[in-house]
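Numbering (this note's numbering), first residue to last: 789 to 1127. Following: one structure in structure tokens, then a few remarks.
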Amino acid sequence: MKVHKHFDIRNHNTFRVSSYVRYFLGAEREEEVPSAMEMAENLGYPMMVLGSGSNMLICSDLNRVVINPNLQGIQEHHHGADVIVEAGAGVNWHQLVRYTVERGYGGLENLALIPGTVGAAPVQNIGAYGVELKDVFVDLLGFHRQHGRMVMDAGACRFAYRDSVFKGEFKDAFVICSVRFRLQKQSKLNLSYDALQREIQKRGLKPANPAELADWVAAIRSSKLPDPEVIGNAGSFFKNPMLSTTQYNALKDEFPEIPGYPTASERVKTSAAWLIEQCGWKGARKGDAGVYEKHSLVLVNHGRASGAELWALATEIRQSVFEHFRIMIEPEVNVLSDV
Ligand code: EPU
């Protein structure tokens, strides 16, 4: 296990904000994970799990022991037309997507180019272009601070829109070591999402296989979302709000252009990006904290913004959206502060 004391996690969060933690423990093998958890317990600081920090905003130094589960490896088991693919928590997500589509396995192609690690993917039930992680999830293996080694299926993970038990009851108490997915050798592509339909019309053809669809998705993402290697960001900063039909209809009377997408429940999903853009924030900048000029749902660090400065900008945006539309948008990223 790698142990670092008083460690700056600037290179372990995609917003690239500086934050010193008490200890940083890198676990490379499954058996190192319970040892790291025990060490955190003995050191007397709360533990926190950090993959590549692609969905976090850290607003202060942290009085915590950080566990970085960096388990590698991808394995596959064939069951007729299905393939069960198992990947270590430290595997880069897009690398896993590439591994599967290059072999012709379908299921992960709509989730191409999402930043982050395999271990972080179930935490917020990552989703894009009409597919969510829960659609292909089998189970995961990990360690709970009190209950020890556990295998958890989808029900136990309590997946919801950008949410799971790992953001709630199991927060800071569970370390994911590996995740298993059920993929298909002969899959039907999911082309239902608006942006994919527009792409089909533009190109005059459909993608032929999972690898081609993954390339399309990667191209769409790259055209409007910033690359965290180039400019600090954590993807969508806020969740898309779910409104009651009554609230949505009242807003629609006042703002006829407001987008509305039906959901599995009674509620209507609207676009946080649209609400923010209407309030004039697209491309805005306060010091080095800003709103990306091509997508208003993404906050960016233009250089040396602190986490607190980015959070101050997020707070101003929330207030102005609330004043304008009476909707309080909620962060999608995990916002952390020990002050
Ligand atoms: N829009 C604007 N202004 C903008 C951008 C978008 O008004 O600057 C409106 C447009 O009406 C557009 C609609 O928002 O049609 C939807 O935009 P987009 O397809 O980019 O999707 P999104 O709702 O903004 C969600 C996810 C993304 C995911 C995309 C594609 C959330 C919080 N975000 O964004 O996930 O990639 O759909 O499926 O659900 C992430 O979670 O970090 C993330 C990037």
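From the three backbone atoms N, C-alpha and C, an ideal C-beta is built for every residue, glycine too. Note that the structure is predicted; figures quoted are calculated from it, not measured.
Do residue i and residue j have their C-beta atoms closer together than 8 Å?
| i | j | result |
| --- | --- | --- |
| residue 927 | residue 968 | yes |
| residue 971 | residue 995 | no |
| residue 921 | residue 1099 | no |
| residue 912 | residue 952 | yes |
| residue 1059 | residue 1028 | yes |
| residue 843 | residue 1121 | yes |
| residue 919 | residue 899 | yes |
| residue 841 | residue 797 | yes |
| residue 834 | residue 960 | yes |
| residue 1073 | residue 1090 | yes |
| residue 1071 | residue 1097 | no |
| residue 881 | residue 916 | no |
| residue 858 | residue 838 | no |
| residue 1020 | residue 803 | yes |
| residue 849 | residue 893 | no |
Excluding the 5 residues preceding and the 5 following residue i in the sequence, name in chain order all residues of the same chain whose CB lies nearer than 8 Å to its CB.
| i | result |
| --- | --- |
| residue 831 | 810, 811 and 853 |
| residue 870 | 970, 971, 972 and 973 |
| residue 884 | 862, 873, 875, 896 and 906 |
| residue 1094 | 805, 806 and 847 |
| residue 1037 | none |
| residue 1033 | 1054, 1055 and 1056 |
Hey, quick one: how far does the alpha helix (DSSP H) through residue i stretch, first residue to last?
| i | result |
| --- | --- |
| residue 1113 | 1095-1113 |
| residue 922 | First-last for residue 922: undefined, no H or E at that position. |
| residue 968 | Note, residue 968: premise wrong, no alpha helix (DSSP H); beta strand (DSSP E) at 962-972. |
| residue 830 | 820-831 |
| residue 872 | Where residue 872 is concerned, there is no enclosing alpha helix (DSSP H), although the beta strand (DSSP E) it sits in stretches over 870-876. |
| residue 1005 | 998-1012 |
| residue 914 | Premise fails: residue 914 is in no alpha helix (DSSP H) and is neither H nor E. |
| residue 1077 | Taken as a continuous stretch (DSSP letters only), residue 1077 belongs to no alpha helix (DSSP H), being part of the beta strand (DSSP E) at 1077-1079. |
| residue 879 | Here residue 879 belongs to no alpha helix (DSSP H), and DSSP marks it neither H nor E. |
| residue 838 | Unbroken run through residue 838: none, as it is neither H nor E. |
Roughly how far, in whole angstroms, is the beta-carbon of residue i from the beta-carbon of residue j, given that I think they are within contact range, below 8 Å?
| i | j | result |
| --- | --- | --- |
| residue 821 | residue 965 | 6 Å |
| residue 1023 | residue 903 | 7 Å |
| residue 862 | residue 879 | 6 Å |
| residue 1124 | residue 1102 | In fact, because the Cβ distance is near 13 Å, the residues do not count as touching under 8 Å. |
| residue 1025 | residue 1118 | That pair is no contact at about 10 Å. |
| residue 1065 | residue 1084 | 4 Å |
| residue 1012 | residue 1082 | 5 Å |
| residue 932 | residue 954 | About 11 Å separates the two Cβ atoms, so there is no contact after all. |
Tell me which residue opens and which closes the beta strand (DSSP E) that residue i is part of.
| i | result |
| --- | --- |
| residue 945 | Counting along the chain, residue 945 falls outside any beta strand (DSSP E), though it belongs to the alpha helix (DSSP H) covering 942-945. |
| residue 857 | 850-857 |
| residue 867 | 862-867 |
| residue 790 | 790-796 |
| residue 1042 | Looking at the DSSP string, residue 1042 is not in any beta strand (DSSP E); the run it does join, the alpha helix (DSSP H), is 1033-1042. |
| residue 808 | 808-815 |
| residue 1022 | 1020-1024 |
| residue 1085 | Counting along the chain, residue 1085 falls outside any beta strand (DSSP E), and DSSP gives it neither H nor E. |
When the cut-off is 8 Å and only beta carbons count, does residue i lie next to chain B?
| i | result |
| --- | --- |
| residue 843 | No chain B is part of this structure, which consists of one protein chain only. |
Got a sec: does the ligand EPU put a non-hydrogen atom nearer than 7 Å to the Cβ of residue i?
| i | result |
| --- | --- |
| residue 1062 | yes |
| residue 1050 | no |
| residue 1053 | no |
| residue 1003 | no |
| residue 1029 | no |
| residue 1023 | yes |
| residue 933 | no |
| residue 1059 | yes |
| residue 1047 | yes |
| residue 1010 | no |
| residue 1036 | no |
| residue 1083 | yes |
| residue 917 | yes |
| residue 909 | no |
| residue 950 | yes |
Within a Cβ cutoff of 6 Å, which residues of the same chain sit near residue i, ignoring the five residues on either side of it in sequence?
| i | result |
| --- | --- |
| residue 792 | 812 |
| residue 1063 | 1109 and 1113 |
| residue 983 | 1008 |
| residue 1001 | 897, 977 and 995 |
| residue 941 | 927 |
| residue 818 | 965 |
| residue 828 | 835 and 853 |
Could you name the residues of the same chain whose beta carbon sits closer than 7 Å to that of residue i, not counting the 5 residues immediately before and after it, in chain order?
| i | result |
| --- | --- |
| residue 789 | 813, 814, 815, 820, 823 and 824 |
| residue 860 | 876, 878 and 879 |
| residue 887 | 862 |
| residue 929 | 939, 965 and 966 |
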